[in-house]
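So the sequence lines, in the order shown, correspond to chains G and D. No gaps in the numbering here: position 58 of the first sequence is 57 in numbering that gives the first Met the number 0, and each next residue is one more. No gaps in the numbering here: position 4 of the second sequence is 3 in numbering that gives the first Met the number 0, and each next residue is one more. Built from N, CA and C at the ideal position, the CB exists for glycine as well. Predicted, not measured: the structure shown is a model, and the values here were computed from it. What follows is a short report on a single structure.
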Amino acid sequence: MKCFFFGPSRRPLFGVYDAPGRVSRRGVVLCPAWGNEHLRAHKAMRRLAVLLADAGFHVLRFDYFGTGDSGGDTLDARPSEFVADARTAIEELRDVGGVTRVSLVGLRLGAMVAARAAAGRRDVDRVVLWDPVLDPAEHLEELLTGYGRHAAPEPDADGVLEASGFALSPAFREEFPALWDADAATVAPPTRVVVARDDARARGLVAALQARGTDAGFACIPGAPVWQEERQFGTGPVPAQLLGYVVTELAA
Amino acid sequence: MSAGTLRERAVHFGRDGALVGVYTPADAPSAGRPVVLLVNSGVICRVGPNRLYVEAARHFAREGFDVLRFDLSGIGDSAARRASGSIGDVIDEDLREAVAEACRLSGATSVVCMGICLGADTSFSHAARDPRVEGLVLLDPYVFRTRGFYLRWLASRVLNPASWRRLLDGSTLRVVRRKRAGAGAAGPLPEHYLFERQAQPDMERAYASLVARGVRFFVAFTGGTRSWYNYPTQFIDAFPRVDFDAALELRHWPEADHTFTRLDARGAMLADVGAWLAQRYPLSADGAGQRASGPRLRRPA
């Protein structure tokens with residue numbers, strides 16, 4: 000495993016690369032969630048990376064600009080630029096791993112980032128949308144209210160909102176809905192949607208993808224979501240069965 | 000972005016390169032100053048709760064301090080240690096290696112360790128065994144309930160009509176029964192939470208020893224500790240045989256929660272700690288660092 004910064008100097012991104020145990024030309028980029036969902040899912044994403052590397056993939060986890068260890072303040076985070084960051088990560092993995100084909104796995108908001116980043120790219124061969132955010136307004140409400148635990152805050156004088164410890168800029172709120180719209184149902188590579196809690200909207204997404212001719216599949220593997228806190232330790236669970244499903248689907 | 004942020008770099012260190020961290024160099028020369036070492040808050044990775052450690056590292060770098068945030072073994076991206084021994088032994092070894100790496104990267108000869116909760120406790124424990132630790136920033140460290148705590152706790156209930164109502168209508172009893180029924184039902188603790196804290200006499204001797212050695216303390220308690228810390232000077236009362244005097248800067252922030260979720264509380268904390276660091280470890284006119292004697296103990300308002 001190797002941790003490093005990559006990308007343009009004005010926009011440093013933090014990445015973690017796991018090499019496969021054998022010669023391989025296939026890679027996987029993991030697109031994370033945002034805010035506390037990102038932090039809670041860290042263990043699960045790390046475990047997934049290890050499993051994928053064991054299965055023969057070059058793997059790159061990364062943090063969007065303005066999140067995690069990447070450069071930028073939290074207020075600098077912009078959903079529209081998360082997609083560009085994901086594409087930078089794809090290029091980096093191709094360079095570091097010498098891969099020719101890349102799969103994308105996106106968790107929560109990262110699922111929408113993965114879907115957008117895959118658009119128009121011939122080198123993306125598979126996409127996994129993991130517990131995808133399918134209603135941006137609902138997701139923003141979840142972030143602002145701590146999943147209903149408290150009232151949504153009022154913006155400050157600069158229009159900044161506090162999303163359970165993370166600053167949401169007006170630009171973030173304006174751009175976020177556009178991250179997920181009908182165009183996301185044009186993901187071309189074979190796509191799998193996997194959820195920890197059954198969701199009719201997720202099934203609807205798969206149906207829409209299939210209607211457009213995409214090889215799409217759905218799986219519900221019940222369990223506690225990785226992006227929710229397990230007890231009160233600030234981290235989420237590591238669902239072995241769901242992670243195994245993702246590895247199996249990508250290796251197929 | 001500040002210069003320090005642009006020059007951040009990821010590091011692998013320790014035995015077999017198993018430990019992972021991010022080094023943030025100071026925006027300006029920091030020669031002679033200690034390097035700041037950020038120790039995991041509980042089992043949350045080096046980014047910190049609400050990205051607090053990233054913000055802290057960059058804030059302190061702007062104040063002129065090199066900073067290393069890292070993951071203890073088995074947390075974040077650091078590998079789990081295969082060596083035997085208690086979790087306390089593992090953490091101590093990790094901290095020894097982290098202090099060495101922080102000094103190597105910075106060129107500093109001493110460190111200020113900073114941590115929240117378990118991060119504070121492990122920093123304190125390690126400092127007693129590592130002469131390179133010359134400062135400690137302890138946020139919500141473990142401290143004992145004192146007589147003063149119990150008096151205030153009792154008074155808050157006796158004088159609160161709502162407490163009497165809950166007692167008389169059975170609500171209090173139902174809560175106690177629910178807590179007892181739930182005890183132990185949630186499963187095992189993460190391994191790092193098995194870290195053993197010392198008994199009061201041992202902790203008191205450790206603090207006294209650190210004070211005698213010249214270690215400086217910034218200690219703060221938030222509202223997240225109200226079940227065991229409920230007045231500003233409880234920390235001093237908990238260790239009556241320790242003459243902290245000028246060695247201690249003590250704060251009580253009851254409006255802040257345990258992980259400084261609110262942006263204003265977090266910003267105020269970082270500003271306060273940053274100012275303390277700058278005051279305690281000022282740069283001299285020639286750019287070399289020096290330790291300041293600092294003001295005498297200031298009891299919080």
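Under DSSP, the beta-bridge partners assigned to D/W252 are D/T221. In terms of Cβ geometry, G/A52 and G/A40 do not form a close pair [threshold 8 Å]. Within the stretch 36-48 of chain D, S40, G41, V42, I43, C44, R45, V46, G47, P48 place their CB atoms closer than 9 Å to a CB of chain G, listed in sequence order. In this structure, the alpha-carbon of D/F243 lies about 24 Å from that of D/R151. Annotation: G/G20 has no Cβ neighbours in chain D at a cutoff of 9 Å; minimum Cβ distance is about 16 Å.
With respect to the 8 Å criterion, D/L37 and D/S72 are not classified as neighbours on the basis of their beta carbons. In this structure, D/A237 and D/F143 form a Cβ contact; the two beta carbons are roughly 5 Å apart against a cut-off of 8 Å. When secondary structure is reduced to three states using DSSP, D/R144 falls in the coil class, being assigned neither helix nor strand.
Taking the CA atoms as reference points, D/A107 sits about 50 Å from G/L133. For D/R14, no CB of chain G lies under 8 Å from its own CB, so it is not counted at the interface with that chain.
Contact check for D/A255 against D/T221 passes: the beta carbons are separated by less than 8 Å. One alpha carbon belongs to G/F3, the other to G/H149, and they sit about 38 Å apart. With respect to G/P152, G/L160 sits close: the two C-beta atoms are nearer than 8 Å. Approximately 30 Å separates the beta-carbon atoms of G/R230 and G/F217; this is outside 8 Å, ruling out the contact. Relative to the Cα of G/T247, the nearest Cα in the group G/Y146, G/D197, G/G55, G/A177 belongs to G/G55.
No Cβ of chain D is located within less than 8 Å of the beta carbon of G/P224. Residues of chain G with a Cβ closer than 9 Å to the Cβ of D/H11 are, in chain order, M0, K1, C2. D/V35 and D/G20 have their alpha carbons spaced roughly 13 Å apart.
Against D/P24, chain G offers no close residue; the least beta-carbon distance is about 13 Å (beta-carbon pairs closer than 9 Å).
For G/M111, the closest of G/W129, G/R100, G/H37 by C-alpha to C-alpha distance is G/W129.
Residues of the stretch 37-63 of chain G with a Cβ closer than 7 Å to any Cβ of chain D, in chain order: L38, H41, R45.
Distance between D/G75 and D/S29, taken at the CA atoms: about 29 Å. A distance below 6 Å between beta-carbons, with the five flanking residues on each side excluded, links G/L74 to the following residues of its chain, in chain order: A166, S168. Between G/G26 and G/L59, the C-beta spacing is below 8 Å. Assignment of beta strand (DSSP E) within the stretch 113-161 of chain G, counting only whole runs of 3 or more residues, yields 123-129 in chain order. Chain G places no beta carbon closer than 8 Å to that of D/R80, leaving this residue out of the contacts. When the Cα atoms are used, D/Y230 and D/H257 turn out to be separated by approximately 16 Å. A distance of 8 Å or more separates the beta carbons of G/R77 and G/F13.
D/F217 and G/D68 have their C-alpha atoms spaced approximately 26 Å apart. Not flagged as an interface residue toward chain G: D/R240, since no C-beta distance is shorter than 8 Å. Take the alpha-carbon of D/P33 and the one of D/L249: they are about 21 Å apart. For G/Y16, DSSP records a beta bridge to G/K1, G/L59.
Per DSSP, the continuous alpha helix (DSSP H) segment holding G/T87 begins and ends at 78-96. In this structure the stretch 186-195 of chain G touches the stretch 120-129 of chain G; the number of beta carbon pairs closer than 8 Å is three or more.
Among the residues facing chain D, G/F171 is not included, as its CB has no counterpart in that chain under 8 Å away. Taken atom to atom, the span from the alpha-carbon of D/R131 to that of D/T23 is near 20 Å.
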